[in-house]
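S.K.: Residue numbers (my numbering): 555 to 790. This is the structure I want to talk about, given as structure tokens.
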Ligand code: 6GU
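Put into structure tokens, the structure is as follows:
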């Protein structure tokens, strides 16, 4: 899967995503991540990409043209690649704008996005982006929760992380198989590793028993108890 991030801070997203599991998947060629610097598409020699909002108000807005230029460069590149590979040209490219005004990102949405070959993520900054370019290029408005961040870069990284781990080959087979058995809306059960006793606390006896049916039943019960305590909303 190929992620294309339109941003004013390409180093911020690339440094994060080149690390750990996503970094390994990029190295293995299972994922690709490119960060396109919107400033490279500024149409003035001062490389200015923001301006005051018409009608007044606090802060600056990202202007339409550089955002459109960055989008166009990426979209053309994707179309050309699809042409070369002889794919259907009608396949629309999804463009996600990260904004607190979007739909709250969920695991279901991650599963849906993981089916895409390419995903364009547009990161806003300042007080937002000129509405006209959003109307022309954005297909999905997504937020990562009800709080305000300074820009869309961290949300884009959150989305890419959640989507990537659903792409075949990104997690080890062992882990992904385990994930399949926990698709239900329950929290994970508590887990323990060595030593058998730590700070006077013993590992629950059943986990040392080797009785797999009992272990599965215990874990299921613990998941239910934990969900009822910490996230009762998930049980409704
Ligand atoms: Cl996607 N962007 C910003 N700026 N703040 C947020 C957000 C996105 N999601 C939650 N807060």
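Note that CB positions come from ideal geometry on N, CA and C, so glycine has one too. Since we're looking at a predicted model, the values are computed, not measured.
Hey, residue 680 and residue 613: beta-carbon distance below 7 Å or not?
M.R.: Result yes, Cβ atoms of residue 680 and residue 613 sit closer than 7 Å.
S.K.: The beta strand (DSSP E) that contains residue 657, what's its start and end?
M.R.: Where residue 657 is concerned, the enclosing beta strand (DSSP E) stretches over 648 to 658.
S.K.: Is the beta carbon of residue 781 closer than 7 Å to that of residue 720?
M.R.: Contact: no.
S.K.: Which ranges does the alpha helix (DSSP H) cover as unbroken runs of at least 4 residues, wholly within the segment 615 to 652, from first to last along the chain?
M.R.: Counting only runs of 4 or more, we get 618 to 638.
S.K.: In or out: residue 643 buried (at least 16 other Cβ within 10 Å) or exposed?
M.R.: Exposed, because fewer than 16 other Cβ atoms sit within 10 Å of the Cβ of residue 643.
S.K.: With distance defined between alpha-carbon atoms, name the residue in 717, 682, 621 nearest to residue 665.
M.R.: Among 717, 682, 621, the Cα nearest to that of residue 665 is on 717.
S.K.: Measure the alpha-carbon distance for residue 633 versus residue 673 and round it to whole angstroms.
M.R.: Rounded to the nearest angstrom, the two C-alpha atoms are 13 Å apart.
S.K.: Of the residues 630, 766, 621, which one's Cα is nearest the Cα of residue 601?
M.R.: With distances taken between Cα atoms, residue 601 lies closest to 621.
S.K.: Check the DSSP bridge columns for residue 575 and list the partner residues they point to.
M.R.: Its beta-bridge partners do not exist; DSSP assigns none.
S.K.: If I measure Cβ to Cβ from residue 691 and keep anything under 6 Å in the same chain, skipping five residues before and after, which residues do I get?
M.R.: Excluding sequence neighbours, residue 691 sits near 625, 649.
S.K.: Does the distance from the C-beta atom of residue 660 to that of residue 695 stay below 7 Å?
M.R.: No. Outside cutoff.
S.K.: For residue 615, tell me which candidate among 686, 747, 789, 749 has the shortest Cα-Cα distance.
M.R.: Considering only alpha carbons, the answer is 686.
S.K.: Please determine, among 618, 753, 774, the residue with the shortest C-alpha to C-alpha distance to residue 761.
M.R.: Among 618, 753, 774, the Cα nearest to that of residue 761 belongs to 774.
S.K.: Identify every residue that forms a DSSP beta bridge with residue 751.
M.R.: For residue 751, which the question treats as bridged, DSSP gives the partners 756.
S.K.: Need the endpoints of the beta strand (DSSP E) that residue 674 sits in, please.
M.R.: That run of the beta strand (DSSP E) goes 672 to 677.
S.K.: Which residues mark the beginning and the end of the alpha helix (DSSP H) in which residue 712 is found?
M.R.: Residues 707 to 718.
S.K.: For residue 676 and residue 730, I'd like the C-alpha separation in whole angstroms.
M.R.: Near 29 Å, if we compare the C-alpha coordinates of residue 730 and residue 676.
S.K.: What residue from 763, 599, 709, 564 has the CA that sits closest to residue 591's CA?
M.R.: Looking at the Cα atoms, 564 is the closest of the given residues.
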